[in-house]
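Residue numbers (UniProt numbering): 1 to 165.
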Amino acid sequence: MTRKIADCRDMPSESGCTLAITGEEEEVVAAAAAHAATVHGHTDNEELRAAIRNDLRDAPSEAAPGGFVQLIEFRADAQGMERFDELAQQWKHDIGSDRTAGWYLVGADRDEPGRYVQIVEFPSYEDAMSNSKHPATGRIAAGMSELVDGEPSYRNLDVVRAETP
Numbered sequence: 001m002t003r004k005i006a007d008c009r010d011m012p013s014e015s016g017c018t019l020a021i022t023g024e025e026e027e028v029v030a031a032a033a034a035h036a037a038t039v040h041g042h043t044d045n046e047e048l049r050a051a052i053r054n055d056l057r058d059a060p061s062e063a064a065p066g067g068f069v070q071l072i073e074f075r076a077d078a079q080g081m082e083r084f085d086e087l088a089q090q091w092k093h094d095i096g097s098d099r100t101a102g103w104y105l106v107g108a109d110r111d112e113p114g115r116y117v118q119i120v121e122f123p124s125y126e127d128a129m130s131n132s133k134h135p136a137t138g139r140i141a142a143g144m145s146e147l148v149d150g151e152p153s154y155r156n157l158d159v160v161r162a163e164t165p
């Protein structure tokens with residue numbers, strides 16, 4: 001069974017909480033509800049647990065052979081990147097537990113200011129395509145096309161080797 005994760009960094013929070021809880025779904029829901037009640041002042045009830053359950057996603061794993069990584073390269077100004085961050089937060093909320101991406105990062109090119117690369121990891125190519133077909137992903141792609149200069153370029157990579165030094 002796939003482990004699930006509830007991550008406070010995925011939720012709007014004034015406290016900046018960084019706690020992530022990983023385990024079997026019901027364990028995570030119970031622990032996250034207790035944390036939300038004791039640390040964030042929420043009421044532990046069925047509405048809270050349903051919201052937590054809706055936002056659960058598969059726990060990320062390191063990219064491994066057989067996995068899949070997508071690179072998205074684009075150009076944007078500082079205001080565009082602020083909007084990109086807003087879109088990414090909205091996407092995480094909208095896609096909820098349908099999220100198949102394990103992790104992602106965005107890097108700024110040191111040699112070419114205004115150029116960015118987003119790297120997104122998926123367990124498989126099929127999971128990436130499922131993610132791409134989700135309406136939330138369509139919305140972020142449409143919003144991204146409005147804020148970037150030119151067309152983003154995509155590279156679809158099967159992971160052949162992944163090592164930790």
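Just so it is clear, CB atoms sit at the ideal spot from N, CA and C, and this is done for glycine as well. Given the structure is predicted, the values throughout are model-derived calculations rather than measurements.
Asked	Found
Give the straight-line distance between the Cα atoms of residue 120 and residue 67, rounded to the nearest whole angstrom.	11 Å
Put residue 121 into one of helix, strand or coil per three-state DSSP.	strand
Measuring only the C-alpha atoms, how far is residue 134 from residue 49?	24 Å
Beta carbon of residue 16, beta carbon of residue 87: below 7 Å?	no
With a Cβ-Cβ cutoff of 7 Å, do residue 115 and residue 75 count as a contact?	yes
Three or more C-beta pairs under 8 Å: does that hold for the stretch 122–132 against the stretch 94–112?	yes
My output table needs one value for residue 137: the three-state DSSP class, helix, strand or coil.	helix
Taking the alpha-carbon positions, what's the residue 38 to residue 52 distance?	15 Å
Can you round the beta-carbon distance between residue 3 and residue 24 to whole angstroms, since I take them to be within the 8 Å contact cut?	7 Å
Please list, in chain order, all residues of the same chain as residue 149 whose beta carbon is under 6 Å from its beta carbon, the five residues on each side excluded.	75
Does the beta-carbon of residue 161 have 16 or more other beta-carbons within 10 angstroms, so that it is buried, or is it exposed?	exposed
If residue 194 and residue 31 are in contact, beta carbons under 8 Å, what's the gap, nearest whole angstrom?	With the chain running from 1 to 165 in the structure shown, residue 194 is simply not present.
When you compare the CB positions of residue 29 and residue 159, do they come within less than 7 Å of one another, or not?	no
So, is residue 55 buried or exposed, given that buried needs 16 or more other C-beta atoms within 10 angstroms?	buried
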